[in-house]
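Student:
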Ligand SMILES: Cc1cc2nc3c(=O)[nH]c(=O)nc-3n(C[C@H](O)[C@H](O)[C@H](O)COP(=O)(O)O)c2cc1C
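Residue numbers (my numbering): 1109 to 1236.
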C-alpha cells in the first residue's frame, strides 16, 4: 500500500498517524507539509484528527474541503477522541459526514493503544 497520512492534532493523533505510516511504509505529514504533495501518487489518503468540543481543527477540515476531489475514492478517516462507545460512534458519524469521507473509525487513547499488540489501528490498516 502506498499511503499518505495527513493529520492534525496533538500526541494521540500524531502517535496514530506515525504508527500507520510505519506499518504501511507510508508517509505522515501535517497540513502545512502537504503544500507540494501530488495525491495522485498515492493509492490511499488517510486523514486523521483530534476533536475538541465536537469540532475538528479548521486546518484539517479546510484541507479536506479544498483537496477532496483529488483523493475521491481512496480516502479514509480516523478520529482521536475521548469516547469508546456509542457516543463515539455518533460523534464520528457526524464528523465523517461533514468531512464527506465514508470510511471512518474512531480511536480512544491513541498513544496508548498503538503500543499494544493486535490493536484497533491494526484492524483499520487491514481494512484499507
Ligand atoms: C478542550 C478539549 C475538548 C475536548 N473535546 C472533545 C470532544 O468534544 N469529543 C471527544 O470525543 N473528545 C474530546 N476531547 C478529547 C480529545 O479529543 C482526545 O483526548 C484526543 O485523543 C486528543 O487527541 P490529541 O492528543 O491528538 O490532541 C477534548 C479534549 C480537550 C482537551
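Backbone N, C-alpha and C fix where the C-beta goes; we use that ideal spot for every residue, glycine too.
1. If the criterion is Cβ atoms closer than 7 angstroms, does the pair residue 1202 and residue 1184 meet it?
2. So residue 1216 is in the alpha helix (DSSP H); what residue range does that whole segment cover?
3. Would you give the residue range spanned by the beta strand (DSSP E) that residue 1178 belongs to?
4. Is the beta carbon of residue 1172 within less than 6 angstroms of some heavy atom of ligand 1?
5. Rounded C-beta distance between residue 1112 and residue 1153? I'm assuming under 8 angstroms.
6. Anyone know if the C-beta pair for residue 1229 and residue 1114 falls short of 7 angstroms?
7. Can you check DSSP and say which residues form a bridge with residue 1115?
8. Heavy atom of ligand 1 less than 6 angstroms from the Cβ of residue 1190, yes or no?
9. Identify which residue in 1177, 1199, 1117, 1147 has its Cα closest to the Cα of residue 1168.
10. Alpha carbon to alpha carbon, how far is residue 1232 from residue 1189?
Tutor: On the basis of the coordinates in this document:
1. no
2. Element bounds for residue 1216: not the alpha helix (DSSP H) but the beta strand (DSSP E), 1212 to 1216.
3. Here residue 1178 belongs to no beta strand (DSSP E), and DSSP marks it neither H nor E.
4. no
5. That belief holds up - the Cβ atoms of residue 1112 and residue 1153 are roughly 6 angstroms apart, short of 8 angstroms.
6. no
7. Answer is 1138, 1156, bridged to residue 1115.
8. yes
9. 1117
10. 16 angstroms
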